[in-house]
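Taking it in order: structure first as structure tokens, then the write-up.
Number of protein chains: 2
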Amino acid sequence: MTASPTNTRPGGRSARVRADVHRAVQELLAEEPAEALTLPAIATRAGVHPTTLYRRWGSMAELLGDVATSRFSGDIVVPDTGSLREDLERWATDVATDLADPDVLALMRAAIGSGPTGGCACTADRHAQLAAILDRARSRDGSAPEVGPASDALLGPLYYRAIFTNTPAEPGWPRELVKAMLD
Amino acid sequence: MTASPTNTRPGGRSARVRADVHRAVQELLAEEPAEALTLPAIATRAGVHPTTLYRRWGSMAELLGDVATSRFSGDIVVPDTGSLREDLERWATDVATDLADPDVLALMRAAIGSGPTGGCACTADRHAQLAAILDRARSRDGSAPEVGPASDALLGPLYYRAIFTNTPAEPGWPRELVKAMLD
Numbered sequence: 405m406t407a408s409p410t411n412t413r414p415g416g417r418s419a420r421v422r423a424d425v426h427r428a429v430q431e432l433l434a435e436e437p438a439e440a441l442t443l444p445a446i447a448t449r450a451g452v453h454p455t456t457l458y459r460r461w462g463s464m465a466e467l468l469g470d471v472a473t474s475r476f477s478g479d480i481v482v483p484d485t486g487s488l489r490e491d492l493e494r495w496a497t498d499v500a501t502d503l504a505d506p507d508v509l510a511l512m513r514a515a516i517g518s519g520p521t522g523g524c525a526c527t528a529d530r531h532a533q534l535a536a537i538l539d540r541a542r543s544r545d546g547s548a549p550e551v552g553p554a555s556d557a558l559l560g561p562l563y564y565r566a567i568f569t570n571t572p573a574e575p576g577w578p579r580e581l582v583k584a585m586l587d
Numbered sequence: 405m406t407a408s409p410t411n412t413r414p415g416g417r418s419a420r421v422r423a424d425v426h427r428a429v430q431e432l433l434a435e436e437p438a439e440a441l442t443l444p445a446i447a448t449r450a451g452v453h454p455t456t457l458y459r460r461w462g463s464m465a466e467l468l469g470d471v472a473t474s475r476f477s478g479d480i481v482v483p484d485t486g487s488l489r490e491d492l493e494r495w496a497t498d499v500a501t502d503l504a505d506p507d508v509l510a511l512m513r514a515a516i517g518s519g520p521t522g523g524c525a526c527t528a529d530r531h532a533q534l535a536a537i538l539d540r541a542r543s544r545d546g547s548a549p550e551v552g553p554a555s556d557a558l559l560g561p562l563y564y565r566a567i568f569t570n571t572p573a574e575p576g577w578p579r580e581l582v583k584a585m586l587d
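As given, the protein sequences belong to chains V and Z, one line each in that order.
Per our numbering, the very first residue in the first sequence carries number 405; after that it's consecutive.
Per our numbering, the very first residue in the second sequence carries number 405; after that it's consecutive.
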């Protein structure tokens, strides 16, 4: 018995639909105000039936959470320079650069706006990366700051400025945050 | 000649419409997911004609920005204890308490989600309050931290946690932020 192409690649079509829908969301967010984003508009752009979206994601909040998780995971490489300060400086600078991208901001704003109270999938991977940098420093040097205060000192201002202020991050600013935290 | 009641109170009707619309926005956000929020739904709840909303605010982003500016202005009293540390501790604790209110979070999320890239009216007043506390300390004590780094150290983590994480602020946490900043 020969399996159909769909069956020989489990998730093949499903993965393609997901990729098409994710791309449609990011394209529409880059083109139009967030309030124009609707599940039917996304379905049209992705070339899938609206019921597919409703069945698979249920709501805009679910869908945007999925897109944000996917977009904001694994996109920044955790540095390993042998120095906690330099690791943090490089990593914070990369995060700030990512947050200066208008498409990133548009996706993040839409995910925050649609999401239920409590959490946005945008920063879970950043938090894990910061914990990994600190864990490695702890193994190597015997001690390192805890991830909670480090997140307050670095992720807090980086994301606050991106979302709430019009102040663009100056090139040296992420290093100043690291300095304020370590010194 | 006797002026009509409308004319004797310039802005009277206009101010009432604004108050009704602001209340409608906050009620709807407290009841339903943000994606259910539309200008027609707000008009119905406020008892005004949809064209009034479109004429006055133009878009959901404008309207939510107006509601957020109004809601997040003057609602927290700036303490004046004679001590910078104590002023900051009280103020940061009040900000954290406000941010723990689900209705506050819902309005802030909706304003962020609808807004154009760059800024949300949610924190302009907080920034001005922080600057006032620091200015007073500078006049009194001869020096005080600059408002930029103070905003990074206090507003950053306070708003980051509220929007991006599920971590509720522990009661002592705002004081820890002040300590990390001043010590």
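Ideal Cβ positions, reconstructed from N, Cα and C, are used throughout, including at glycine.
Predicted, not measured: the structure shown is a model, and the values here were computed from it.
Buried or exposed by the 16-neighbour rule on C-beta atoms within 10 Å, applied to residue i
i      : result
V/V429 : buried
Z/S555 : buried
V/E436 : exposed
V/S518 : buried
Z/R427 : exposed
V/V481 : exposed
V/T485 : exposed
Z/E574 : exposed
V/D491 : buried
V/T416 : The question names Thr, but residue 416 of chain V in the sequence shown is Gly. The residue in question, V/G416, is exposed, as its Cβ has fewer than 16 Cβ neighbours within 10 Å.
Residue interval of the alpha helix (DSSP H) (run including residue i)
i      : result
V/D556 : 551–557
V/H531 : 528–545
V/D424 : 416–435
Z/L503 : 488–503
V/A514 : 506–518
V/P444 : 443–450
Z/V582 : 577–586
V/A474 : Checking the sequence, you will find Ser at residue 474 of chain V rather than Ala. First-last of the alpha helix (DSSP H) with V/S474: 464–475.
V/T456 : 454–461
Identity of the residue in the options nearest residue i by Cα
i      : options                        : result
Z/D424 : Z/S418, Z/A450, Z/A515         : Z/A450
V/G469 : V/A584, V/H453, V/I516, V/E574 : V/I516
Z/R422 : Z/P549, Z/K583, Z/R460         : Z/R460
V/R420 : V/V452, V/P575, V/L441, V/Y458 : V/V452
Z/L467 : Z/C526, Z/L581, Z/A536, Z/V582 : Z/C526
V/K583 : V/T448, V/T473, V/E493         : V/E493
Z/T571 : V/N570, V/R565, V/G560         : V/G560
Z/L581 : Z/T501, Z/T497, Z/R513         : Z/T497
Alpha carbon of residue i to alpha carbon of residue j, nearest angstrom
i      : j      : result
V/L443 : V/L503 : 26 angstroms
Z/V508 : Z/E439 : 17 angstroms
Z/G552 : Z/D529 : 14 angstroms
Z/A445 : V/Q533 : 42 angstroms
V/V471 : Z/V499 : 31 angstroms
Z/L558 : V/G462 : 37 angstroms
Z/T456 : Z/L433 : 20 angstroms
V/W577 : V/S477 : 24 angstroms
V/E550 : V/L562 : 18 angstroms
V/F568 : Z/L488 : 25 angstroms
Z/T406 : V/D505 : Any reading at Z/T406 must be qualified, since the residue scores a pLDDT of 42, below 50, and its modelled position is unreliable; no value is offered.
V/W495 : V/M464 : 31 angstroms
V/A548 : Z/R544 : 37 angstroms
V/A510 : Z/P483 : 36 angstroms
V/G546 : Z/A541 : 39 angstroms
V/L538 : Z/M585 : 20 angstroms
Z/H531 : V/E431 : 34 angstroms
Z/T410 : Z/A536 : Annotation note: pLDDT 41 at Z/T410 (below 50); position unreliable, no value reported.
Z/A447 : Z/S418 : 14 angstroms
V/R565 : Z/R513 : 15 angstroms
Z/P454 : Z/C524 : 24 angstroms
V/D587 : Z/D587 : 11 angstroms
V/T473 : Z/T501 : 29 angstroms
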